[in-house]
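Residue numbering for the sequence shown follows this note's numbering, starting at 18 and increasing by one per position.
Just so it is clear, CB atoms sit at the ideal spot from N, CA and C, and this is done for glycine as well.
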Amino acid sequence: MSQLSLADIRQQDRHKLGYEKITRSSFKAAIPANVTEDVELMAFRFCSKAPMVGYKRNATFYVIWLDRSFTLYNHS
Numbered sequence: 018m019s020q021l022s023l024a025d026i027r028q029q030d031r032h033k034l035g036y037e038k039i040t041r042s043s044f045k046a047a048i049p050a051n052v053t054e055d056v057e058l059m060a061f062r063f064c065s066k067a068p069m070v071g072y073k074r075n076a077t078f079y080v081i082w083l084d085r086s087f088t089l090y091n092h093s
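Here it is, written out as structure tokens:
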């Protein structure tokens, strides 16, 4: 995944190497105060289909949570 561009990742299925945007209202956990309202939260898959959730700023993706138990947000 680290070898793919964001454009390549966008073309992938969200349950494979792709990603999905997660709405703030979907979260069951508190979002850290330093993650301001203008930040879009995204989930990338790791370890099978488990989501790695965070946000992108410039060329860096900041990981906030690793949700191996699928309990962080409402999955639809």
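Buried versus exposed, by CB contacts within 10 Å (16 or more), residue i
{"i": "Tyr90", "result": "buried"}
{"i": "Arg41", "result": "exposed"}
{"i": "Val80", "result": "exposed"}
For residue j and residue i, the rounded distance between their alpha carbons
{"i": "Trp82", "j": "Tyr36", "result": "14 Å"}
{"i": "Asp84", "j": "Ala47", "result": "14 Å"}
{"i": "Asn51", "j": "Ser86", "result": "24 Å"}
{"i": "Ala76", "j": "Phe63", "result": "19 Å"}
{"i": "Phe78", "j": "Ser43", "result": "20 Å"}
{"i": "Pro68", "j": "Lys45", "result": "14 Å"}
Residue(s) in a DSSP beta bridge with residue i
{"i": "Tyr83", "result": "Looking at the sequence itself, residue 83 is Leu, so the reference to Tyr does not match. DSSP, once it has assigned bridges, lists Met69 as partnering Leu83."}
{"i": "Arg62", "result": "Pro68"}
Selected residue, minimal CA-CA separation from residue i, among the options
{"i": "Phe61", "options": "Ser86, Tyr72, Ile48 and Phe44", "result": "Tyr72"}
{"i": "Pro49", "options": "Thr77, Val70 and Ala76", "result": "Val70"}
{"i": "Glu57", "options": "Phe44, Ile39, Ser43 and Asn51", "result": "Ile39"}
{"i": "Asp55", "options": "Lys66, Arg74 and Thr88", "result": "Arg74"}
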